[in-house]
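Chemist:
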Amino acid sequence: MTPLPTRRSLLGIAAVLFALATGPAFAEKPLRIGATPGPVGQTLAFAADLARKQGQNVEIVEFTDWVTPNEAVASGDIDANLFQHVPYLQSAIRSRGYKLVAVEGAIVLPVGLFSKTVTSLDTVPDGASVAIANDPVNAARGLRLLETAKLLTLKPGVGDEASVADIVANPKHLRILELEAAQLPRAMDDVTLAQVSFTYLIAAGGDPRTSLITDGVGDRRYTLSFVARPDNRDDPRLAAFIRSFRSAPVRDYIERTYKGFLEPVW
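Sequence positions in the sequence shown follow mature numbering (1 follows the signal peptide of the UniProt record, and there is no 0) and run -27 to -1, 1 to 239.
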């Protein structure tokens, strides 16, 4: 006669069956990655689906501004984020005292000048209103884009520190307005030109092909990077997800979906 299993052996069998049924994705704490809506969030979601198929539990958390994602990483509410280039991160660290580090590059996301009233830079009227981002680094990026468009001249060498105070020539008497980056697509209804990041433009249903001039593609200085705290930059879960992100299927997805408007850096 076969002996009946004991309570202890039954519990052991149940534990083994649970582990087999749930697998590693449920055994580990979910990796939480912050992003902005639009192409960055969409690409992260695609990569997260790939990671889940490999047994990794990943959650993408979307934020509608460029301040909260760093706050959330710094406080430990999320593990990492992907939305910013290194010059922006360095500016945020200086101004807010974050202890954050760039872990790995991901994509270059351009910024462009857009208009609903003019079709070329040559037809920008005297006294036109121009909206740019209000954070220091991206305001400088917008001013440099206006300089590239030959609409104004900046003090030589100001680089990422440029501000409206560094404008040394403004032949068209442009009126510069500084707004939160997320508001710039909507500002296009009220200004002649607006500096708009493709992340917010695409999220708002805009067409990158309508830009009058762009920057970013080919300029690795504006590479968006995964950002984490120093204490978890080597988290194996984050390393595994970055490998999933920096893979051929994700590259194919970016090229197929965004047709050259986003540039993978791997």
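Glycine included, every Cβ here is placed at the ideal spot set by N, Cα and C.
Kindly give me the distance between the Cβ atoms of L166 and S88, rounded to whole angstroms, as I take these residues to be in contact under 8 Å.
Modeler: 5 Å
Chemist: Given I175, which residues of its chain have a CB within under 6 Å of its CB, disregarding the five upstream and five downstream residues?
Modeler: G11 and P12
Chemist: In angstroms, rounded to a whole number, what distance separates the CA positions of N43 and Q29?
Modeler: 23 Å
Chemist: Are Y71 and V110 touching if we call contact CB-CB under 7 Å?
Modeler: no
Chemist: Give me whichever residues DSSP pairs with T196 in a beta bridge.
Modeler: V81
Chemist: For a test of your reading of the model: does the CB of S64 fall under 6 Å from any non-hydrogen atom of the ligand NAP? Yes or no.
Modeler: Ligands in the displayed structure: none, and consequently the ligand NAP is not present.
Chemist: Assuming L94 contacts L124 (C-beta within less than 8 Å), just tell me the rounded distance between them.
Modeler: About 7 Å separates the CB atoms of L94 and L124; that is less than 8 Å, so the two are in contact.
Chemist: Output yes or no for whether 7 Å exceeds the beta carbon distance between V141 and K128.
Modeler: yes
Chemist: Using the three-state DSSP reduction, which class does E228 fall into: helix, strand or coil?
Modeler: helix
Chemist: Since E77 contacts F199 with CB under 8 Å, what's their CB separation in whole angstroms?
Modeler: 5 Å
Chemist: Can A21 and I33 be called in contact, C-beta distance under 7 Å?
Modeler: yes
Chemist: On the criterion of 16 or more Cβ atoms from any shown chain inside 10 Å, does G7 qualify as buried, or is it exposed?
Modeler: That one is buried.
Chemist: How many whole angstroms separate the CB atoms of S217 and A53, which I take to be in contact at a CB cut-off of 8 Å?
Modeler: Here S217 is actually not in contact with A53; their C-beta atoms are around 13 Å apart, not less than 8 Å.
Chemist: Quick check: the Cα distance between L86 and E1, rounded to an integer number of angstroms?
Modeler: 44 Å
Chemist: List the whole-angstrom C-beta distance separating residue 259 from G100, where the pair is believed to meet the contact cut-off of C-beta under 8 Å.
Modeler: It is not possible to answer for residue 259, since the shown part of the chain is limited to -27 through 239.
Chemist: May I have a chain-ordered list of the beta strand (DSSP E) segments no shorter than 3 residues that lie completely inside the region 27 to 83?
Modeler: 31 to 35, 53 to 58 and 74 to 81
Chemist: Once the 5 residues before and after S(-19) are set aside, which same chain residues still bring their CB inside 7 Å of it?
Modeler: Interpretation of S(-19) is limited by its pLDDT of 45, a score under 50 that renders its predicted location unreliable; the figure taken from the coordinates is listed afterwards. Same-chain partners within the cutoff: there are none.
Chemist: For V222 and P203, I'd like the C-alpha separation in whole angstroms.
Modeler: What sits at residue 222 in the sequence shown is Pro, not Val. So the alpha carbons of these two residues sit roughly 29 Å apart.
Chemist: Determine the burial state of L132: buried for a count of at least 16 other Cβ atoms within 10 Å of its Cβ, exposed for fewer.
Modeler: According to the sequence displayed, residue 132 carries Gly and not Leu. So G132 ends up on the exposed side.
Chemist: Tell me the DSSP secondary structure of L(-8) in three-state form.
Modeler: Low confidence applies to L(-8): its pLDDT is 42, below 50, so where it sits in the model is not reliable, and the reading given next is rough at best. It is helical.
Chemist: Can you name the start and end residues of the alpha helix (DSSP H) that L118 belongs to?
Modeler: Run containing L118: P109 to T121, per the alpha helix (DSSP H) assignment.
Chemist: Under a Cβ-count criterion, where at least 16 other Cβ atoms within 10 Å of its own Cβ denotes burial, should T121 be classed as buried or exposed?
Modeler: exposed
Chemist: Thinking just about the alpha-carbon of each residue, which of D207, S220 and T230 is nearest to the one in W239?
Modeler: S220
Chemist: So A104 and A112 are supposed to be a Cβ contact under 8 Å. How far apart are they, rounded?
Modeler: Between A112 and A104 the Cβ distance is about 11 Å, and since that is not below 8 Å, they are no contact.
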